[in-house]
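**Q** In my numbering, the protein residues as written are 16 to 144.
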């Protein structure tokens, strides 16, 4: 009985060693390379998250430059008012939005009060609701 136990222990110890010798080393290298790529991507994501947390943990929003001029392409947009006016109002609106429609009387008053100084450019901006 003692010999059977020794033989079973020997078999159980040798089987994993034999199986380990039969594994394809190229597949293991491919798996390791894939794991390194995944870890590199995770490190990149982690760094980005830490940078964003630094911004938001200050308790302040990122600073906005109100003097910055944004260039919006207007070539194919609908225009009301003087096309050569020095002031341009760009309206991003949705035809079906009830809140957007409440702005229309104010815009009409502005165009009526300043017919040569203001042009209104409409940009269709459909809302999800």
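Cβ coordinates follow ideal geometry from the N, Cα and C atoms, glycine included.
Check residue 137 in the structure and name its three-state DSSP category.
**A** strand
**Q** Are the Cβ atoms of residue 103 and residue 89 separated by less than 9 Å?
**A** Yes, these two residues count as a Cβ contact at 9 Å.
**Q** Can we count residue 131 as close to the ligand ATP, meaning its CB is less than 8 Å from some heavy atom?
**A** As presented, the structure is devoid of all ligands, the ligand ATP included, so that no description of it is given.
**Q** Should the stretch 60 to 72 be called in touch with the stretch 111 to 128, which here means at least 3 C-beta pairs below 8 Å?
**A** Fewer than three Cβ pairs drawn from the stretch 60 to 72 and the stretch 111 to 128 lie within less than 8 Å of each other, which leaves the two stretches out of contact.
**Q** So, do the stretch 50 to 63 and the stretch 94 to 102 have three or more beta carbon pairs nearer to each other than 8 Å?
**A** No: fewer than three Cβ pairs fall under 8 Å.
**Q** Alpha carbon to alpha carbon, how far is residue 70 from residue 105? Give it in angstroms, no decimals.
**A** 30 Å
**Q** Determine whether the Cβ of residue 121 lies closer than 9 Å to any Cβ atom of chain C.
**A** No chain C appears in this structure, which consists of one protein chain only.
**Q** Specify the secondary structure class of residue 8 as computed by DSSP and reduced to three states.
**A** Residue 8 falls outside the range modelled here, since the chain spans only 16 to 144, and no answer is possible.
**Q** Counting C-beta neighbours from all protein chains within 10 Å, is the total for residue 135 16 or more, i.e. buried, or is it exposed?
**A** With 16 or more Cβ atoms within 10 Å of its Cβ, residue 135 is classed as buried.
**Q** Taking 7 Å as the limit between beta carbons, can you name the residues of its chain near residue 133, skipping five residues before and five after?
**A** 96, 100, 102, 104, 125, 126
**Q** Give the secondary structure of residue 79 by DSSP, where H, G and I count as helix, E and B as strand, and everything else as coil.
**A** coil
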